[in-house]
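Everything on this sheet refers to the single structure shown next.
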Amino acid sequence: MMNIVDLHVHSNKSDGSLAPSQLVDLAVEKRLSAFALTDHDTTEGIPEAMEAAAKHNLCLSAGHAEEHTLALPSGEPLLPLEVIPGIEFSTEYQGKDIHILGLYIEYEAPFFKQQLQDFVDSRTVRNQKMCANLQGAGIDISYEKLQASFPGSVITRGHYAKYLLNHGYTKSIPEAFERYIGNRAKYFVPREKVTPSQAVQLILKANGLPILAHPPLYHMSDEALDTLVGILAKDGLIGIEAIYSTYHQAEERHMRSLAQKYGLCISGGSDFHGSSKPGLEMATGYGKLYIPETILDDLKALRPKTIQNNRKELDHGETSKP
């Protein structure tokens, strides 16, 4: 049977529930050959995940297999695991929240780390304003209390929802969004975001592969989505997430046809968040997700060309300076 991958996974460094090293253990149990850690606007979990995967792979090498702490119930052999350094950028386009995945990013590059810090700063300003709004509604909340409840995480609206649920202000996560923090809710505060094109260009500059995440979730008309994909393809978009946990067959066909029209690769991921999205599993989604390793092979094949093109653009930029 062909190896499988999952190119869209979240840890507790953003709004997932599992630590990066726990994701590695789960990926091993699921017999994945690779997964991409794509937390929201942060790369904080990547070193931990890569270290755990390296330890796993070392234990599988000759003379170390007996040191491995995991064993599959089926008795099947464990597979080596690749952790793909990634990110998921939240961007804005015509009033809609559009997500751009970056795979194989050089996340330690100084310019990239500075840009992420700018994103964190914009989130902090938004979060302080939104906490003040919720305080006005009689809710015992502050940005400091949110941070204390979710240490080490980039605070997202998912964390607000959990906080409201855990403190008895709502009875469910959906209710928290509907009453307090959804886009149309009274207490919601938007934050300044980059455009999808800017995110694509930033990922390319970091020698990564930019992917348009789960387009059907944006509820755009076919014409509007086609226009967006066309724009991003000119900007250097590499692929579209054509395989995803919630897609119907017609949606997958549509994504594949868009990819073909604009000469893009297809990508696929579960968008696993752990307990934050109950019933949604890594690798299999809601039970029927299947992402063959060949999807990743096609993406990998583009990376040398992408890096080469980036170097040419950087060289051109240097030589064209006055």
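Numbering (our numbering), first residue to last: 2 to 323.
Built from N, CA and C at the ideal position, the CB exists for glycine as well.
The structure presented is a predicted model; accordingly, all values stated were derived computationally and were not measured.
query, result
"Does the beta-carbon of residue 118 have 16 or more other beta-carbons within 10 angstroms, so that it is buried, or is it exposed?", "exposed"
"Rounded to whole angstroms, what's the CA-CA distance from residue 96 to residue 210? Just pull it up for me.", "25 angstroms"
"I'd like to know if the stretch 35-47 and the stretch 179-194 are in contact, where contact means that at least 3 CB-CB pairs between them fall below 8 angstroms.", "no"
"Rounded to the nearest angstrom, what separates residue 1 and residue 253 at their Cα positions?", "No statement about residue 1 is possible, as the shown extent of the chain runs from 2 to 323 and does not include it."
"From this set, 18, 79 and 266, which residue's C-alpha is nearest residue 46's C-alpha?", "18"
"Locate the beta strand (DSSP E) running through residue 89, then write down its first and last residues.", "83-94"
"Buried or exposed for residue 100, going by 16 or more other Cβ atoms inside 10 Å?", "buried"
"Which complete alpha helix (DSSP H) runs does the stretch 162-249 hold, if anything under 4 residues is left out?", "174-177, 197-206 and 223-236"
"Can the beta-carbon of residue 126 be found closer than 7 angstroms to that of residue 15?", "no"
"Going by the DSSP bridge assignment, what does residue 282 pair with across the sheet?", "286"
"Assuming residue 28 contacts residue 85 (C-beta within less than 8 angstroms), just tell me the rounded distance between them.", "Not confirmed; about 11 angstroms, so no contact."
"Let me confirm a value: residue 298 is counted as buried when at least 16 other C-beta atoms fall within 10 Å, else exposed. Which label applies?", "exposed"
"Between which two residues does the alpha helix (DSSP H) carrying residue 47 extend?", "47-61"
"Helix, strand or coil for residue 151, going by three-state DSSP, please let me know.", "coil"
"Quick check on this structure: which residue in 10, 128, 102 and 188 has the alpha carbon closest to the alpha carbon of residue 267?", "102"
"Taking DSSP's pairing of strands, which residues face residue 293 in a bridge?", "5"
"Identify which residue in 234, 124 and 294 has its Cα closest to the Cα of residue 195.", "124"
"Under 8 angstroms by Cβ, that's how I've got residue 239 and residue 303 pegged, so tell me the actual separation to the nearest angstrom.", "6 angstroms"
"What residue range is occupied by the uninterrupted alpha helix (DSSP H) comprising residue 22?", "21-30"
"Three Cβ pairs or more, each shorter than 8 angstroms: is that satisfied between the stretch 197-214 and the stretch 86-95?", "yes"
"Please say whether residue 7 and residue 169 have beta carbons closer to each other than 7 angstroms?", "no"
"Do you know how far the Cα of residue 265 is from the Cα of residue 291?", "20 angstroms"
"By DSSP, does residue 98 sit in helix, in strand, or in coil?", "strand"
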